[in-house]
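Below: one structure, written as structure tokens.
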Amino acid sequence: MVNGIERPLDLLNQSKGKEILVQLKNNQQLVGTLIAFDIHINIVLSNTKELDNGEVKRNIGMTFIRGDTIIYISPSQASA
Amino acid sequence: MVNGIERPLDLLNQSKGKEILVQLKNNQQLVGTLIAFDIHINIVLSNTKELDNGEVKRNIGMTFIRGDTIIYISPSQASA
Amino acid sequence: MVNGIERPLDLLNQSKGKEILVQLKNNQQLVGTLIAFDIHINIVLSNTKELDNGEVKRNIGMTFIRGDTIIYISPSQASA
Amino acid sequence: MVNGIERPLDLLNQSKGKEILVQLKNNQQLVGTLIAFDIHINIVLSNTKELDNGEVKRNIGMTFIRGDTIIYISPSQASA
Amino acid sequence: MVNGIERPLDLLNQSKGKEILVQLKNNQQLVGTLIAFDIHINIVLSNTKELDNGEVKRNIGMTFIRGDTIIYISPSQASA
Amino acid sequence: MVNGIERPLDLLNQSKGKEILVQLKNNQQLVGTLIAFDIHINIVLSNTKELDNGEVKRNIGMTFIRGDTIIYISPSQASA
Amino acid sequence: MVNGIERPLDLLNQSKGKEILVQLKNNQQLVGTLIAFDIHINIVLSNTKELDNGEVKRNIGMTFIRGDTIIYISPSQASA
Numbered sequence: 001m002v003n004g005i006e007r008p009l010d011l012l013n014q015s016k017g018k019e020i021l022v023q024l025k026n027n028q029q030l031v032g033t034l035i036a037f038d039i040h041i042n043i044v045l046s047n048t049k050e051l052d053n054g055e056v057k058r059n060i061g062m063t064f065i066r067g068d069t070i071i072y073i074s075p076s077q078a079s080a
Numbered sequence: 101m102v103n104g105i106e107r108p109l110d111l112l113n114q115s116k117g118k119e120i121l122v123q124l125k126n127n128q129q130l131v132g133t134l135i136a137f138d139i140h141i142n143i144v145l146s147n148t149k150e151l152d153n154g155e156v157k158r159n160i161g162m163t164f165i166r167g168d169t170i171i172y173i174s175p176s177q178a179s180a
Numbered sequence: 201m202v203n204g205i206e207r208p209l210d211l212l213n214q215s216k217g218k219e220i221l222v223q224l225k226n227n228q229q230l231v232g233t234l235i236a237f238d239i240h241i242n243i244v245l246s247n248t249k250e251l252d253n254g255e256v257k258r259n260i261g262m263t264f265i266r267g268d269t270i271i272y273i274s275p276s277q278a279s280a
Numbered sequence: 301m302v303n304g305i306e307r308p309l310d311l312l313n314q315s316k317g318k319e320i321l322v323q324l325k326n327n328q329q330l331v332g333t334l335i336a337f338d339i340h341i342n343i344v345l346s347n348t349k350e351l352d353n354g355e356v357k358r359n360i361g362m363t364f365i366r367g368d369t370i371i372y373i374s375p376s377q378a379s380a
Numbered sequence: 401m402v403n404g405i406e407r408p409l410d411l412l413n414q415s416k417g418k419e420i421l422v423q424l425k426n427n428q429q430l431v432g433t434l435i436a437f438d439i440h441i442n443i444v445l446s447n448t449k450e451l452d453n454g455e456v457k458r459n460i461g462m463t464f465i466r467g468d469t470i471i472y473i474s475p476s477q478a479s480a
Numbered sequence: 501m502v503n504g505i506e507r508p509l510d511l512l513n514q515s516k517g518k519e520i521l522v523q524l525k526n527n528q529q530l531v532g533t534l535i536a537f538d539i540h541i542n543i544v545l546s547n548t549k550e551l552d553n554g555e556v557k558r559n560i561g562m563t564f565i566r567g568d569t570i571i572y573i574s575p576s577q578a579s580a
Numbered sequence: 601m602v603n604g605i606e607r608p609l610d611l612l613n614q615s616k617g618k619e620i621l622v623q624l625k626n627n628q629q630l631v632g633t634l635i636a637f638d639i640h641i642n643i644v645l646s647n648t649k650e651l652d653n654g655e656v657k658r659n660i661g662m663t664f665i666r667g668d669t670i671i672y673i674s675p676s677q678a679s680a
């Protein structure tokens, strides 16, 4: 076990309240503060921003994201 | 827990009766008032409008949207 | 609850016997009278018409449509 | 209930032994006599013909079609 | 019931030991002798041949084919 | 029953320890020695080689392959 | 049984704490140290790097990857 992460969802649990980067299957990237998630990896972000080549394109606020549209979630990259 | 949102569906529950933006996998965007949803994220909107680059293209009224076609749902963006 | 719609399928239930617009994932649009549906959103329409840019292309009569090919269903738009 | 159709599969049940048109997701159309189907909408047609723009391209005889490749099934159109 | 086919899988059961044509979702066609199948329509063919426009491209021998890649299976066409 | 193959997975069971060809949905081909598989057709190959038009492109060693990315598996073709 | 691998997930279990290469369906490649995985093949990598033609494009740190976006996982290739 590294950093208290035994199962994949443990990383999401540790990331609640922190900024995360969400890479979508349609190549879009969203950044926001992780508020909630479930076992389908449906997630809610607050203060969500759409990125275009790493630059903020627009702010879409509190957002529900369907899990089956997500490729990866990176908590550390969001604050990079 | 932020704003009473513990699970992702709590955001949808709070958004009933309010305008939401629905981003579909086929790149279409729909805006309408959230009337109902279920665990598959099937939703019903009233006064639904199709958007084209943020502009209203046409009004398709009361509409049933299949959950597996949705990327994200943004309650705050709809009124932006 | 708005207009007696508590769950998404309630809208389909109210639309039985009425004309509905069905937007398919392959960009096709079908219009017909809703005869039956099930929890997979498989539906049967009578007097089904294929639309091309809002104009009737051909009439394919009584038709079974597989639920997983549907993006949205709009009862009000069909009669617009 | 219209024409004895209460659930979507009732239309398929009524169509056994009759010619039906099957629209596939890959844009192909097949016409044949419906012999059998199951709840996955897997179907068997006899005397199956591949159509190209409404014209018969070739006859592939008795054929098993996987349900998840089907968009719609139209009993009335086959004899049009 | 036609030719003893009551359910779709009955056609596959009757085709064991016979040549069948398998149309794949990636537009490839395989022909071979049906050895085994299961309820997912996973199948095993012996003496499998890849077809290109109806001509044999190469022989890939005994082959396991995943059911979710199949569009249709035609026993009669293989010997045409 | 041919060659002791009653169900599709029997072919994979017989192929343990032998070279197999794996055709992926993204058109890639992998060749390697079958070490293990499960009912999802997830498989592990040792000494895995990526093929490009039948020629070895690179060796990626011991590899886990997700079942839902596989079109077909051919034990006999690998040694052709 | 080879190298103690009886089931496919045994390879992932043996790879915990080691660098692995993850080939995604969108053609992206990620390299990182395997921290955790589950039966859906959801995985967590630490020190994750995006590769472009085998060269490191950027470091995205600790990352959750959704299992259904993965084609294959190669523990040996990561250190090649």
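Chains as they are written, first to last, in the numbering used here: chain A, 1 to 80; chain B, 101 to 180; chain C, 201 to 280; chain D, 301 to 380; chain E, 401 to 480; chain F, 501 to 580; chain G, 601 to 680.
Glycine included, each C-beta is placed from N, C-alpha and C at the ideal position.
For clarity, every value in this text was computed on a predicted model and none was experimentally measured.
Bridge partners of N259 (chain C) according to DSSP: C:K249.
Listed along chain B, the residues sitting closer than 7 angstroms to V44 (chain A) by beta-carbon distance are I105, P108, L111. Comparing alpha carbon positions, the residue from B:A136, B:I105, B:Q129, B:G167 closest to G204 (chain C) is B:A136. Closer than 9 angstroms at the C-beta level to chain B, one finds these residues of the region 223–247 of chain C: Q223, K225, N227, I241. Taking CB atoms only, I571 (chain F) has a neighbour in chain E less than 7 angstroms away. The Cβ neighbour count for E206 (chain C), taken over all protein chains shown within 10 Å, is under 16; the residue is labelled exposed. In this structure, DSSP gives G417 (chain E) a state outside helix and strand, which the three-state scheme calls coil. Residue-level contact by beta carbon holds for I165 (chain B) and chain C, with a gap shorter than 7 angstroms. Distances from the CA of D168 (chain B) to each of B:P108, B:R158, B:K125, B:L109 were compared; the closest alpha carbon is that of B:K125.
Annotation for Q29 (chain A): the continuous beta strand (DSSP E) segment containing it runs 29–37. Of all residues in the region 346–361 of chain D, only S346, T348, R358, N359, I360, G361 place a beta-carbon less than 9 angstroms from a beta-carbon of chain E. N447 (chain E) places its beta carbon 7 angstroms or farther from that of T463 (chain E). Shortest Cα-Cα distance from E555 (chain F) to any of F:V531, F:I570, F:P575, F:D538 involves F:V531. Residue pairing of S176 (chain B) in beta bridges, as defined by DSSP: absent, with no partner found. Setting aside the 5 residues that flank it on each side, D352 (chain D) has no residue in the same chain whose C-beta is closer than 6 angstroms to its C-beta. Of all alpha-carbon atoms in F:I565, F:I539, F:Y572, the one lying nearest the alpha-carbon of Y672 (chain G) is that of F:I565. Close CB contacts of N559 (chain F) within its chain, under the 6 angstroms cut and outside five residues either way in sequence, are with K549 (chain order). The alpha carbon of S515 (chain F) has as its nearest neighbour, out of F:Q523, F:L545, F:Q529, the alpha carbon of F:L545.
The secondary-structure analysis by DSSP pairs I643 (chain G) across a beta bridge with G:F637, G:I665. For L12 (chain A), same chain residues with a beta-carbon under 6 angstroms away, outside a window of 5 residues either side, are F37 in chain order. I371 (chain D) is bridged by DSSP to nothing; it lacks a bridge partner. Within 10 angstroms of the beta-carbon of I670 (chain G) lie 16 or more other beta-carbons, which makes it buried.
Between H540 (chain F) and N642 (chain G), the alpha-carbon positions lie close to 15 angstroms from each other. The secondary-structure analysis by DSSP pairs L624 (chain G) across a beta bridge with G:I670. Linking K57 (chain A) to E19 (chain A) through their CA atoms gives a straight-line distance of about 17 angstroms. Straight-line spacing of the CA atoms in P608 (chain G) and P308 (chain D) works out to 41 angstroms.
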